[in-house]
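Chemist: In this note's numbering, the protein residues as written are 150 to 283.
1. Contact between the stretch 154 to 174 and the stretch 216 to 231: three or more CB pairs below 8 Å?
2. Use the C-beta contact count for residue 176: other C-beta atoms within 10 angstroms, 16 or more gives buried, fewer gives exposed.
3. Candidates 258, 171, 279 and 252: which alpha carbon is nearest residue 272's?
4. So, does the stretch 194 to 210 touch the stretch 236 to 256, judging by three or more C-beta pairs under 8 Å?
5. Hey, residue 234 and residue 281 are a contact pair by Cβ (cut 8 Å); roughly how many whole angstroms apart?
6. Alpha carbon to alpha carbon, how far is residue 228 from residue 190?
7. Please go through the same chain and pick out, in chain order, the residues whose beta-carbon is closer than 7 Å to the beta-carbon of residue 260, but skip the five residues on each side of it.
8. For residue 199, name the three-state secondary structure that DSSP assigns.
9. Who are residue 243's beta bridge partners in DSSP?
10. Along the chain, where does the beta strand (DSSP E) that runs through residue 252 open and close?
11. Excluding five sequence neighbours on each side, which residues of the same chain lie with their C-beta closer than 6 Å to the C-beta of residue 199?
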């Protein structure tokens, strides 16, 4: 069994994918747009180019994402993605890249469980916890 996060960016999925490619070296496994759906009866012309479904690898984990209902207001309250880095330098680099345009909630610091740990919400509102593996 596998549990995968499924993130709805409500119209900003293409932007999010490009951001994650740069910030955490995300790789797109597949991407399907609403215009490619076999049944177009419930799809508005405004959403034709939006992402209906995408699968993106970040490290060893596949994250699923879409533009959802294209309502313009993504909501990621109550959840955070934990990102484990191999080195302190990697943790700092990824933390700073993800924080660009976002909100640092806890700056990177040494904790009792990791040599570097920090929390942030990226510019899309997705919560991240970045830490160094031991």
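Using N, Cα and C, we set each Cβ at its ideal position, and we do this for glycine too.
Note that the structure is a prediction, hence the values are computed from the model and not measured.
Modeler: Let me lay it out:
1. Taking 8 Å as the limit for Cβ pairs, the verdict is that the stretch 216 to 231 does touch the stretch 154 to 174.
2. exposed
3. 252
4. no
5. 5 Å
6. 33 Å
7. 266
8. coil
9. Partner(s): none; residue 243 has no beta bridge.
10. 252 to 258
11. 183, 216 and 219
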